[in-house]
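Colleague:
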Amino acid sequence: MKTGLVLFRNDLRIHDNETLVRAIEFSDFLIPLYVLPKLETHTLIPYPRRSNFRIKFLLESLRDLDDSLKRMGTKLILRTGKIEQIVPELCLEYGVDMVFFANLACTEEVEQEKNIIHILNKIGISYRSTHTSTLIHPSELPFPVEHLPEVFTDFRKMVEKKSPLAVSLPKKGRAPSLPSGLEPESLPLELITLANSVEEHPSRAIDWKGGEQEGIKRLTEYLWLTDCIQTYKETRNQMLGKNYSSKFSAYLSLGCLSARLIYQQIQAYEKERLANESTYWLIFELLWRDYFFFIASKHGRNLFLRSGIQKKITKSSTNKYSDSEKSKVDLGTFEKWRLGETEDEFVNSNMKELLLTGYMSNRGRQNVASFLVHNLELDWRLGAEWFETMLIDYDPASNYGNWNYIAGIGNDPRSRVFNTEKQAKDYDPLGEYRRTWSE
Ligand SMILES: Cc1cc2nc3c(=O)[nH]c(=O)nc-3n(C[C@H](O)[C@H](O)[C@H](O)COP(=O)(O)OP(=O)(O)OC[C@H]3O[C@@H](n4cnc5c(N)ncnc54)[C@H](O)[C@@H]3O)c2cc1C
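Sequential numbering from 76 applies to the sequence shown in the working numbering.
Here's what the structure looks like:
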């Protein structure tokens, strides 16, 4: 009889989850595990790494995953602490033969994987890792990740010739049962209290509710029920409301939706209803997401350093404070930006939306990031850390990748300095957005 352990990471779903499929096929008994993070504070700014918005979305997603697993005849096992400790402890206690997990791209997560593998090797337990995060599987890339083109357009042209792999579904409807004696723990009260303290703002873009079922509901709504995908290319730069963009991001960031399922649905939509520039453009944006994932794999730690993936010294990476002088950071100007109290009304409105709802449009993100870097001349990492705290859809590769670009230390040949006054005129000509977020 074989016992497996499947470690859920940013793949909180049953559909298109090869890690789970393999674990089910291998095991007679199976431990489906999720390790809740300890609440930590950032290195540069004095705020928790996860806002209550993010905690709420995570807990909802975990409850939904647990419901799905229950329908398959098992339960989600929750633990809090360090993955590197908890996985081997459970392995030894329950005689696990094989550990299954998905690979991620960014340094912290890769470091975690290396530590797990090191300990598993030491205690003689096998593991299998899979890749389930992106639309294009790394094995389908026409180049090794180390040779990833540095410019997005080059990457896109090369990968567009490839089709994503098919969506995988578990062959058995039922999952192996838990080893005897293993009981799930309930969600920590501390996290439940933080999640419950979230107040839904009346002007929020969307009711974010975490979980695979909610993600699939949103996918169905945006494509099949409203046909909003037909006008995505024209509406995607707007800033007010639910349907100007897909709002798939939070579901993608925790893996409640797989990029391949979205792709598959868009293809079906194009076949059954309509294919136009807008339907293509959503796939184009998913390729941006893939691109940042692979950029993070390629550049490792540099993505998070002040000099970025280009290791470049620019105005925003010269020495107001260096990596070793974190304690000297003056947060006064940053606080004004964070709270939406700068002299720029357009920036302020966007920062308030983020503070009060945990979401901001792509147009808004570009403008406030540019303002922090190029107008306020602050270290871009302060802004990136605040986004990490607040964004319900926080994804390390997309967040730090986009900030590198805006700060001019990524590899984008175009200028990323935004004239916020002109942007406000172009994208909020009647001032409706600014009025919504001015108190
Ligand atoms: C400074 C900055 C920080 C950002 N941080 C994040 C982040 O932490 N997490 C995140 O998911 N996105 C991030 N983005 C990208 C983008 O703003 C969001 O993906 C988008 O606003 C989410 O809303 P949506 O799902 O409705 O997007 P849509 O416009 O409907 O796009 C569909 C999907 O394509 C992907 N996508 C679109 N634009 C980008 C992009 N520029 N980079 C990477 N993927 C993209 C996302 O997965 C998104 O869900 C950031 C952008 C900037 C400028």
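Note that beta-carbon positions come from the ideal geometry of N, C-alpha and C, so glycine has one too.
Taking 8 Å as the CB-CB cut-off, is T295 touching chain B?
Modeller: No chain B appears in this structure, which consists of one protein chain only.
Colleague: Suppose contacts are defined by Cβ-Cβ distances below 8 Å. Is S179 in contact with N85 by that definition?
Modeller: As a first step, residue 179 must be located in the sequence shown, where it is residue number 104. As a first step, residue 85 must be located in the sequence shown, where it is residue number 10. Checking the displayed sequence, the identity of residue 179 turns out to be Leu instead of Ser. Result yes, Cβ atoms of L179 and N85 sit closer than 8 Å.
Colleague: Residues in its own chain within less than 7 Å of E225 by CB, not counting five upstream and five downstream?
Modeller: By one-based count along the sequence shown, residue 225 stands at place 150. If we look at E225 and ignore the five residues flanking it on each side, its Cβ neighbours are N486.
Colleague: Let me check you understand the geometry: is the CB of S272 closer than 7 Å to at least one non-hydrogen atom of ligand 1?
Modeller: As a working note, residue 272 is residue 197 in the sequence shown. S272 Cβ: outside cutoff for every heavy atom of ligand 1.
Colleague: Taking the alpha-carbon of T268 as reference, which of S238, M426, I130 and E420 has the nearest alpha-carbon?
Modeller: For the purposes of this step, residue 268 is taken as the residue at position 193 of the sequence shown. Among S238, M426, I130 and E420, the Cα nearest to that of T268 belongs to I130.
Colleague: What residue range does the alpha helix (DSSP H) around R231 cover?
Modeller: Your numbering for residue 231 matches position 156 in the sequence shown. Per DSSP, R231 belongs to the alpha helix (DSSP H) from F227 to V234.
Colleague: Please give the ranges of any alpha helix (DSSP H) in the stretch 301–383, keeping only runs that are unbroken, at least 4 residues long and fully inside the region.
Modeller: Here the runs fully enclosed are 307–310, 324–328, 334–347 and 352–374.
Colleague: Nearest to G476 by alpha carbon, out of C181, V81 and F101?
Modeller: Translated into the one-based positions of the sequence shown, residue 476 becomes position 401. Closest option to G476, Cα to Cα, is C181.
Colleague: Quick test of the definition: if touching needs 3 or more C-beta pairs under 8 Å, does the stretch 335–346 touch the stretch 293–307?
Modeller: Cβ pair count under 8 Å is three or more, so yes.
Colleague: Give the list of continuous beta strand (DSSP E) stretches no shorter than 3 residues that lie fully inside the stretch 144–180.
Modeller: Listed in chain order, the complete beta strand (DSSP E) runs (minimum 3 residues) inside the stretch 144–180 are 152–155 and 173–177.
Colleague: Look at the Cβ atom of D470, then the Cβ atom of S328, and state whether they are nearer than 8 Å.
Modeller: For the purposes of this step, residue 470 is taken as the residue at position 395 of the sequence shown. For the purposes of this step, residue 328 is taken as the residue at position 253 of the sequence shown. Against a cut-off of 8 Å, the Cβ pair of S328 and D470 comes out as a contact.
Colleague: Would the C-beta of S473 count as close to ligand 1, meaning under 7 Å from any of its heavy atoms?
Modeller: Here residue 473 is taken as the residue at index 398 of the sequence shown, counted from 1. True, at least one ligand heavy atom lies under 7 Å from that Cβ.
Colleague: So does A444 have its beta carbon nearer than 7 Å to some heavy atom of ligand 1?
Modeller: Within the sequence shown, numbered from 1, the residue matching residue 444 stands at position 369. Checking every heavy atom of ligand 1 against the Cβ of A444, one is found closer than 7 Å.
Colleague: Looking at F83 and S467, is the spacing between their C-beta atoms short of 8 Å?
Modeller: Along the sequence shown, read from residue 1 onward, the residue named residue 467 stands at position 392. Along the sequence shown, read from residue 1 onward, the residue named residue 83 stands at position 8. The sequence as given places Ile at residue 467; Ser does not occur at that position. Cβ atoms of I467 and F83: not closer than 8 Å.
Colleague: With DSSP as the reference, identify every bridge partner of Y202, one or two as the case may be.
Modeller: If you number the sequence shown from 1, residue 202 lands on position 127. DSSP lists V174 as partners of Y202.
Colleague: Enumerate in chain order the residues of its own chain whose CB-to-CB distance from H276 is below 7 Å, with the five nearest sequence positions on each side excluded.
Modeller: What you label residue 276 is simply residue 201 of the sequence shown in a count that begins at 1. Result list for H276: L431 and T432, in chain order.
Colleague: Using alpha carbons as the reference points, say which of I89, S204 and A499 lies closest to L137.
Modeller: Residue mapping note: residue 137 aligns to position 62 of the sequence shown, counting from 1. Answer by Cα proximity: I89.
Colleague: Going by DSSP, name the residue or residues bridged to I106.
Modeller: Taking the first residue of the sequence shown as position 1, residue 106 is located at position 31. DSSP, once it has assigned bridges, lists L80 as partnering I106.
Colleague: Would you kindly report the start and end of the unbroken alpha helix (DSSP H) that includes T432?
Modeller: Looking up residue 432 in the sequence shown gives position 357. First-last of the alpha helix (DSSP H) with T432: E420 to T432.
Colleague: Just curious, the alpha helix (DSSP H) that E265 is in, first and last residue?
Modeller: Translated into positions along the sequence shown, residue 265 becomes position 190. That run of the alpha helix (DSSP H) goes L264 to N271.
Colleague: I need the DSSP call for P517, collapsed to helix, strand or coil.
Modeller: An answer regarding residue 517 cannot be provided, because it is not within the stretch 76 to 514 covered by the chain.
Colleague: Determine contact between the stretch 505–514 and the stretch 420–429, defined as no fewer than three beta-carbon pairs at a distance below 8 Å.
Modeller: Yes: at least three Cβ pairs fall under 8 Å.
Colleague: Here's a check: name, in chain order, each residue in its chain whose Cβ is nearer than 6 Å to the Cβ of D365, leaving out the five neighbours to either side.
Modeller: The sequence position of residue 365 within the sequence shown is 290, counting from 1. Correct list, in chain order: T209, L210 and I211.
Colleague: Please classify L140: does DSSP put it in a helix, a strand, or coil?
Modeller: Residue mapping note: residue 140 aligns to position 65 of the sequence shown, counting from 1. The answer is helix: DSSP assigns L140 an H, G or I state.
Colleague: Less than 7 Å between C-beta atoms, sequence neighbours within five positions excluded: which residues of the same chain meet that for V273?
Modeller: Working through the sequence shown from its first residue, we reach residue 273 at position 198. Once the five neighbours on either side are set aside, the close Cβ partners of V273 are N127, F128 and K131.
Colleague: In whole angstroms, what separates the C-alpha of Y122 from that of A177?
Modeller: Counting from one through the sequence shown, the residue named residue 122 turns up at place 47. Counting from one through the sequence shown, the residue named residue 177 turns up at place 102. Cα-Cα distance, rounded: 29 Å.
Colleague: Locate the alpha helix (DSSP H) running through W455, then write down its first and last residues.
Modeller: Along the sequence shown, read from residue 1 onward, the residue named residue 455 stands at position 380. Per DSSP, W455 belongs to the alpha helix (DSSP H) from W455 to M465.
Colleague: Let me make sure I understand the geometry here. Which of Q339, D172 and P259 has the alpha-carbon closest to that of D91?
Modeller: One-based indexing of the sequence shown puts residue 91 at position 16. Ranking Q339, D172 and P259 by Cα distance to D91 puts Q339 first.
Colleague: Quick one: any contact between the stretch 352–364 and the stretch 105–112, if contact means 3 or more CB pairs under 8 Å?
Modeller: With the cut-off at 8 Å, the stretch 352–364 and the stretch 105–112 do not touch.
Colleague: Hey, is L300 close to ligand 3, as in C-beta under 7 Å from one of its heavy atoms?
Modeller: For the structure depicted, ligand 3 is absent and the ligand set comprises only ligand 1.
Colleague: Roughly how many angstroms separate the alpha carbons of R203 and E100, rounded to a whole number?
Modeller: By 1-based counting over the sequence shown, the position of residue 203 is 128. By 1-based counting over the sequence shown, the position of residue 100 is 25. Going by the C-alpha atoms only, they are around 13 Å apart.
Colleague: Mind checking which residues open and close the alpha helix (DSSP H) that includes Q441?
Modeller: Locating residue 441 in the sequence shown gives position 366, counting from the first residue. Looking at the DSSP string, the run of the alpha helix (DSSP H) that includes Q441 is N437 to S445.
Colleague: Does the beta carbon of Q441 fall short of 7 Å from some heavy atom of ligand 1?
Modeller: What you label residue 441 is simply residue 366 of the sequence shown in a count that begins at 1. Under cutoff, so the answer is yes.
Colleague: For K387 and A482, I'd like the C-alpha separation in whole angstroms.
Modeller: Sequence index remark: in the sequence shown, residue 387 carries index 312 (1-based). Sequence index remark: in the sequence shown, residue 482 carries index 407 (1-based). Rounded to whole angstroms, K387 to A482 spans 10 Å at the Cα level.
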